[in-house]
Structure formats: C-alpha cells, structure tokens
Amino acid sequence: MKKREESIPLLHFSLFFMFLFCPLVFSELPSNQRNAMIDLSNLLNKTDLSWNISKEPCSWNRVTCSSGNSSITEISLSGFSLSSSDFLPRLCKIDSLRRIDVSNNALTLIPEGFIKDCGKIGGLELLNISRNRLVGPLPTFQGFVGLKFLDLSFNSLNGNINLQLDGLIALKSLNLSANHFSGLIPTNLGKAMDLEQLELSANAFEGRIPDQIMGYQSLTLIDLGVNNLSGPVPDRIKDLSKLEVLILSSNNFRGQIPAAISNIRTLSRFAANQNHFEGTIPSGITRFLKNLDLSYNKLNGSIPTDMLSPSNLQSVDLSYNLLNGLIPSNISPSLVRLRLGSNSLDGPIPSSVFGKLEKLMYLELENNSLTELIPPELGSCLSLALLNLAGNNLTGTLPGQLGNLSHLQVMKLQSNRLVGEIPVEIALLQKLSTLNVSWNLLNGTIPSWISSMRNLVNVNLQGNSLSGSIPYDISRLNSLLELQLGENQLTGKIPVMPATLQIALNLSSNLFVGPIPDSFQRLTGLEVLDLSNNQLTGEIPTFLTEMRSLTRLLLSNNQLSGIIPKFPSWLTLEARGNEHLTNTTTSNTSPKSAKKGKSVAAALLIGFAAALFAVGLVTGLAISISRRYYRVNDEQPQSAEDVPPPQVIQGNLLTANGIHRSNINFTKAMEAVAYSKNIMLKTKFSTYYKAIMPSGSSYFVKRINLSDKIFQFGSHDKFWRELEVLGKLSNSNVMTPLAYVLSVDNAYLFYEFFPKGTLFDVLHGSLENALDWASRYSIAVGVAQGLSFLQGCTSGPILLLDLSSRNIMLKSLKEPQIGDIELCKVIDPSKSTGSLSMVAGSVGYIPPG
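Note that the sequence shown covers residues -27 to -1, 1 to 822 in mature numbering (1 follows the signal peptide of the UniProt record, and there is no 0).
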C-alpha cells in the first residue's frame, strides 16, 4: 500500500513532464517556415485574414499543417481580392507545401520566380490559380515533379499550348477552361500519361480531336465544349475504357454520332449538343449512359426503340433536330428529363408507359406533329414540374388527371386542337406559375376557381371560344404579370384586374361592354393594354395618359366617344374604328407611325442644332419620361422562369481596354442572366442585366432575342463583323459594346455599368435635387454631341431604338451616354414580329441618309 502511495507523485510528475515538453516537440515549426509566414502576413496586410503573428502559423486561418504541426502543408488564399502577385514567390519558401490555392482573386500574372522556386517543391500536388485575371501565354512548368492537379480556369490566358506542360510527370487533372487559348488541342500533357481529367472548354481551340489524346488511358473526364473544333469524333474514343464524362458541346463537329460510344461501359454523361452532327442516332448509345444531350444538331431518322429504356438513364435531350417517326413506348422509370421538342415526330404520345414514370420532372415534346389525345396517364407522373406539349396536333379534352400533378409549375399546351372546357381539377395545381392553353378550340367559361391559383405569373387563354364574363375576383391573382384573353367570346364589363400586371393585359376581340374601368389606374406597371375590337363605350380616361409604364394602348374598333387625350410621346396609340372619337393631335396615334418616326427624327436634329435647344430637350425629357423600360425590383423573388445559364456558342471581346478585357468573364455573366432578380431594365427588344464579375466589377449585359425577325442575324461571322463596327465607335457620349456572347437563342452585349443609372432615375429618384443647372446643361450638350457623332458615322446607318431619359446613362451627373444603338445592317424594321411602329418610341432617332 505504501509503495502504491509513493508511486502516485511519480505518476503526476511524469504527466507534468510530458505535458510540459510535448507541446514543444509537436507544435514547433521550423524557423524558416515561421519566418516565411510572418513575411507573407506583412506583405499581404489583409485584416480579413485574421493572421496573428504572435501565435503559431498552424493556428492561422486558411493554413493547414501536418498532423504533428511540424510543417505547413496547405495555404488557401482564395477570395481575398488579391491583385499583386508579389507574394506568390514567398510561398515557395515553405518547401513542405502540398496544396496552394489562390483562386478567386484579381491576380494578373504568375511571376517567373514562383515557377522557378515552387517547381523545386517535390511534394506540391495541387496548384489552383483559377478565377483570376491572368493574361498572356501559359508559362512553362519546369519541375513540379509531384504536381497532380493544375487549375488555371477562368482567366484570360492566351496563345497556343505546346510543350509548356510536358514536364509534369505526375499530372492527373488539368483545367484550362474559360481562357482565350487557341491553336490545336494540346497533346503533351504529362510524360507519365496518367491524366484523368482534361477540361479545355470555353476557349478558341480549333482543328480535330487528336488521336494522341486516346493514349491517356486513365482519362475519366474530357470537356472540350465551347471551342471551334471540327471534324468527326474519332472512333478510337472507345479505347478510353475509364471515361465517365465526355462533353463536346458548342463546337463545329460534323459527321455521325459514333456508335463506339455505346461500348464505353463507364460513360455516364455524353453531351454533343450544338454541333453539326447528322445522320441517324446509333442504336444502343444509351446503354450505359445517365445523361445524353444531342440537341441542336441535324440528326434525322427515327429515335431508336431501345434508346429511352435503359434503367440507368436519367436525362435525354434530342430537341432541335430533324427526327421523325414515333416516340418509343419503352421508357425507363428512372428518367427525370425528356426533351424531344422541335423535331418532326408524329403519332400519339405513348400512354401506357407514363403510369410508371414517377421520377419524371420535365417533359418537353413541343413543336412536333403529335396527334390524338393527351394521355390521362400523365397524371401519374407525380414529380412533373414542367409539361410542354405546345405546337402539335393534339385533340380531345384536357384530362382531369393533370390535376394530380401537385408539383407542376409550367403547363404549355398552346397551339393544338384541344376542345371542351378547362377541367376543374386544374385548380389543384397550386404551384402553377405559367398556364398557356391559347390557340385551341376550348369553350365554356373562364372558371371562377382560377382566382385561387395565387402563384400564377403568366396566364394565356387567347384564341379559344371561351364565353361568359371574367371572374369578378380575378384581382386576387397577386403574382400575375401577364393576362392574355384576346380572341374569345367573353362578355360583360371588365372587372378589377390584378395590380401586379406588367407585361400585358390583352382583352381584344371579345364582346366586352361599358366604359374603360377606373380601376385600371391601379395598373401602374403595365406596358401593353389591348382593348381593341370590343363594344366599349364612353370616353378615353385621362388617367391613361399618366400611366408611365404604358407603351402601347390599343383601343381600335370600339364605340368610344369624346376627345382623344394628349398622350406622352413614347406611347403608341391605336384608336381607329371609333367614329365618335375626335382627335385633336396626331403626334402619337396610328396609322402613320412611320411618318411619326421621321418627324421625330427631324425635330430632334433641329432641336439639337444648338446647346440651348439641347437643354430644352432634357427639360422636356424630365416632363415626358419614357417608360418603355420598366425597373425590376432587386428584391423580387426568383421566378419560375429562371433557367439554367445559357450555353455559350461564341464569345468575343470587342474592347482593347486591358481592364475590361481582364474583368469580363463570360461564364459569370451567363450565370447572372439566368436569374430574373438581376434584371435592371427591360425593353421590347432587349433585357438589361447586372452581372458582377469575379473581380467585383459590374457590367450591363443586354440580351437580344435572335428569334425576333427584326434582327438580321445571318451567320456568326456577319454578326461579329457588325458588332465590331459598333465596338469601334469612339465617343464619350455613346454607349458602345465591350464584348458579346452568342447562345442558341440570344445574343448578349456587354457594356460599362453606371451605378448612377439613367437620366430617368436621377430626375425621379433620390438624386432629383442633385441636378443643378450646370449638370442639366452638360447632360444636354453631351446628348447633342452624341447624336451629332452618330449622324456623322461612316460605318453605316445607326439606329437608335429609343431616345428617352430611360436610355441615357449617366457616368456622372455631367457625363451622359446614349444607349440602345444598333446598326441598320443588323436590324430590319420591316421584318419585326410586330413591326417597329408597334413599340412605344421605338424609332426615337435615325440619322438622315
């Protein structure tokens, strides 16, 4: 017992000795590493790093050490807006580093000292300098014998890639996406041939896929999307027996889809969309795939009968091809998305299979020649969120079973031959945001229960045979932006409408009676109001002249009387066919809007002949503001129309300014335009988004819908040449594009972002009192100088789609820039889907020829 008591102090002393000295043994870094970290901290001088030099570096934020804290193994400085690369060589003094991450900063170069010194760190496995502003050619990586992962994506590196990477003997993953590399696909990618992931998308590589790539037998991922590659896909692709992902999207590949794809057992995703592939789809291609995208090609023939049946299949997109024949009836229950739209498919929609597709979320069969009934079995696809059967030859009634689709958000059944009434079961679709059954043969009344569907944003019942009155409580739809009820047989008086309406209210070609309701005063955000071809009586209310968002008012062929009020110059009014209306002004009424445009242009030229008249114009703009644009609240919830980011087919920088060239990031911009919350302005022809680049700089991105015939798009090369002309315009008072991106359906033009907004914003916002006489004079003179410059352009006629305070951007309170300029070579007013005269103030200024 005594011996045991004597052993206790000895035990305490041993424990005390261990805890006293072991921390020194296990936590002390080599002095060179500690000193290097202190030097690095002083050089960076970033308070948000929270590096305390009085403590051990292993306790610092973004620093990782070995398990015994005896060496530093990882430093991550991602996302600190670092612009100077001076600190990079300092990292190389820490010879135990295994991972260096300096992504998401503003670095412009990789110093030679970094390549030289860090190349000697044998244990360095990962180097991530992605999402910076690196420019110039790819440096030659000498040394780096242990480097496995190299990521330089989302920069502005350029030039060819030859032997710069040949010395990387351990390389497994290479990501050079979203740069400006050109030339042929590099083939010297590490002497050990151990490469597993190759990502070269969104560059300007050209030529064919080299056979040498097939020698990298360990490849699991190849992404060559969004380049200028051509030729066929080599049959040797089947030799890559470990390949899991193959992305060839948005190139110029031709020939047939290689049947060898079906022999790669590990391949789960194959994307070859937006190319020039033709011929038939090989049988068995989806045998091992989960995701297949062959959309936007020239594939023909029928869909192979076994194509949709594999149990592993999740997504198939064959839209925008030349496919014909029937939709296969054997469809896998694992399918989540099926897109077969815009082909020439015919026959019925197979009904028996849909009772088993419980995972299907997106079914898009639009713009084909499908016939017979909408299968009631679709009501068993309980996960369905989007149903698009528009533009077919479907007949019969709307099946009530569609009411079972409790997750459905978008229903597009327009342009078919559907008959009968809208079934009451549709009221159960409480998540529905878009309901479009226009241009069918539906009859009956607009059901009263539609007012209970509070998430509806777009409702289009146009072009049917609906009768009766509009439900009196339609105003309860407090999310509604667009209501299209034209071309029906609706009767009665017009009820109170939802105050949220913005895009359009179309009640034309019905049998409505009574006066234009006073409740329309609530529609402060409405752009288009169409009441034409009804039996409305009374006078045109003067409050319509005060609706600043209204750009088009159609009142033709009614029984209106009295004097037509004076409307603002930006509004297009059509009031023919009202024999008791008296018109005391012809400034903005139909039918001769073309003459109106010329007179406006002539008046503006005279008005801008001297600066004093220019001052008068700005004053006039302050009084009669154009609201052809409407501002979208940044706080608004993301709508159901938000979509995946557009895939870039082609993108080019137009500006020679080095700052803009390094700032602009096409991928980031496309992410921004996918969300409606980023919309800043919207016009008939385009939508303006705010896009924040990785550098933190903001830009306007203007989306132009290329499907509108008004844009003479032609070839990519032609469009590029015309945009180059606009990009070379040099005047401090003209807003010129800095870059452009082409997707399948749209063009996106990049402009400087002006935080002060438009002249309208300043005149009617919080800065209203900031415009003194000197500022107003400067703005007026600047606008005059900009117009004078546009008139004198030798590049060809310039079309200014609207001249208003809404498209005069303010760089400062004394520096205006005129926006929305286009080349007449790009725009053909005679081919517009609605003609330019339909749009309020559409031709605000055209220089005389």
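C-beta: ideal position from N, C-alpha, C; glycine also.
Ala244 - containing beta strand (DSSP E), residue span = Annotation: the continuous beta strand (DSSP E) that includes Ala244 extends over 242 to 244.
Per DSSP, His249 is paired with what?
-> Answer is Arg227, bridged to His249.
Can you list, in chain order, the residues of its chain whose CB lies under 8 angstroms from that of Leu192, leaving out five sequence neighbours each side?
-> Within the same chain, Leu192 has close Cβ partners Leu168, Glu169, Gln170, Leu171, Ile186, Leu213, Lys215, Leu216.
Determine the direct distance from the alpha carbon of Asn128 to that of Asp607, and round the result to whole angstroms.
-> Residue placement at Asp607 cannot be trusted, given a pLDDT of 32 that sits under 50; the coordinates are not used to answer.
Using the beta-carbon count (16 or more within 10 Å), is Phe639 buried or exposed?
-> Looking at its Cβ environment, which holds 16 or more other Cβ atoms inside 10 Å, Phe639 is buried.
Close Cβ partners of Leu286 (< 7 angstroms) along its chain, the five nearest in sequence each way excluded | By the criterion of a C-beta distance shorter than 7 angstroms, Leu286 is surrounded in its chain by Thr259, Leu262, Lys263, Ser305, Ser307, Leu308, once the five residues flanking it on both sides are discounted.
Express the C-alpha separation of Leu554 and residue 899 in angstroms, rounding to a whole number.
-> Outside the displayed span of the chain (-27 to 822) sits residue 899, for which this structure offers no information.
Own chain residues within Cβ distance below 6 angstroms of Leu336, not counting five before or after = Correct list, in chain order: Leu311, Leu360.
What number of angstroms, rounded off, separates the C-alpha of Lys93 from the C-alpha of Tyr672?
-> In this structure, the alpha-carbon of Lys93 lies about 41 angstroms from that of Tyr672.
DSSP on Lys89, reduced to helix/strand/coil?
-> Helix, per DSSP.
Which residue comes first and which comes last in the alpha helix (DSSP H) that contains Ser4?
-> The continuous alpha helix (DSSP H) containing Ser4 extends over residues 4 to 17.
Report the rounded CA-to-CA distance for Asn246 versus Asn224, giving the unit in angstroms.
-> If I take the Cα positions, the gap works out to 9 angstroms.
If you draw a straight line from the C-alpha of Asn270 to the C-alpha of Phe226, how long is it?
-> Cα-Cα distance, rounded: 10 angstroms.
Assigned secondary structure, Phe117 (DSSP; H/G/I helix, E/B strand, else coil) | DSSP places Phe117 outside both helix and strand once states are collapsed to three, so it counts as coil.
Specify the secondary structure class of His380 as computed by DSSP and reduced to three states.
-> In the three-state scheme derived from DSSP, where H, G and I count as helix and E and B as strand, His380 is classed as coil.
What number of angstroms, rounded off, separates the C-alpha of Asn15 from the C-alpha of Glu788?
-> Approximately 41 angstroms, taken between the alpha carbons.
Looking at C-beta atoms only, is the number of pairs between the segment 658 to 665 and the segment 705 to 712 that lie closer than 8 angstroms three or more?
-> Taking one beta carbon from each stretch, the segment 658 to 665 and the segment 705 to 712 have fewer than 3 pairs nearer than 8 angstroms; the two do not touch.
Bridge-paired residues (DSSP) for Lys675 | According to DSSP, Lys675 bridges with Tyr661, Leu722.
Nearest-angstrom Cβ-Cβ length linking Cys354 and Leu330, presumed shorter than 8 angstroms = Yes, they are in contact, since the Cβ atoms of Cys354 and Leu330 sit about 5 angstroms apart, within 8 angstroms.
Ranges of the alpha helix (DSSP H) found wholly within the segment 425 to 503, counting only runs of at least 4 | Whole alpha helix (DSSP H) segments, 4+ residues: zero.
Can you tell me which of Leu402, Ser406, Asn437, Pro396 puts its alpha carbon nearest to the alpha carbon of Asn416?
-> Ranking the options by Cα distance to Asn416, first place goes to Asn437.
Tell me where the beta strand (DSSP E) around Lys271 begins and ends.
-> Here the beta strand (DSSP E) through Lys271 covers 271 to 275.
Going by alpha carbons, who is nearest to Ala472 out of Ile513, Leu456, Gln462, Ser481?
-> Per the C-alpha coordinates, the member of Ile513, Leu456, Gln462, Ser481 positioned closest to Ala472 is Leu456.
So which of Trp422, Ser150, Val118 has the shortest CA-CA distance to Gly140?
-> Selection Trp422, Ser150, Val118 evaluated against Gly140 yields Val118 as nearest (Cα-Cα).
Excluding five sequence neighbours on each side, which residues of the same chain lie with their C-beta closer than 6 angstroms to the C-beta of Val714?
-> Within the same chain, Val714 has close Cβ partners Val621, Gly624, Phe639, Tyr721.
Residue closest to Thr37, alpha-carbon to alpha-carbon, out of Ile73, Ser57, Gly228 = In terms of Cα proximity to Thr37, the closest of Ile73, Ser57, Gly228 is Ile73.
Assign Pro396 to one of three DSSP states: helix, strand, or coil.
-> Correct three-state label for Pro396: coil.
Do you know how far the Cα of Asp59 is from the Cα of Pro619?
-> Asp59 has its alpha-carbon roughly 37 angstroms from the corresponding atom of Pro619.
Per DSSP, which residues does Lys385 bridge with? Please list them.
-> Answer is Asn361, Asn409.
Within 8 angstroms, strictly: CB atoms of Leu474 and Leu496 | Against a cut-off of 8 angstroms, the Cβ pair of Leu496 and Leu474 comes out as a contact.
Pair within 8 angstroms by beta-carbon distance, Ser4 and Ser44 | No, the Cβ-Cβ distance between Ser4 and Ser44 is not below 8 angstroms.
Within the same chain, show all residues whose beta-carbon is closer than 7 angstroms to that of Ser444, passing over the 5 residues directly before and after it, in chain order.
-> It is Pro, not Ser, that sits at residue 444 in the sequence shown. Correct list, in chain order: Ile419, Ser421, Ile423, Ser424.
Val646 lies in the beta strand (DSSP E); which residues open and close that run?
-> Careful: Val646 lies outside any beta strand (DSSP E), inside the alpha helix (DSSP H) at 639 to 646.
Assuming Phe727 contacts Met666 (C-beta within less than 8 angstroms), just tell me the rounded distance between them.
-> Phe727 to Met666, Cβ: 16 angstroms. No contact.
Under 8 angstroms between C-beta atoms of Gly156 and Asn133 | Here Gly156 is near Asn133, since their CB atoms are less than 8 angstroms apart.
Which one of Glu552, Leu138, Glu644 has the shortest CA to CA distance from Leu111?
-> Checking every option, the nearest Cα to that of Leu111 belongs to Leu138.
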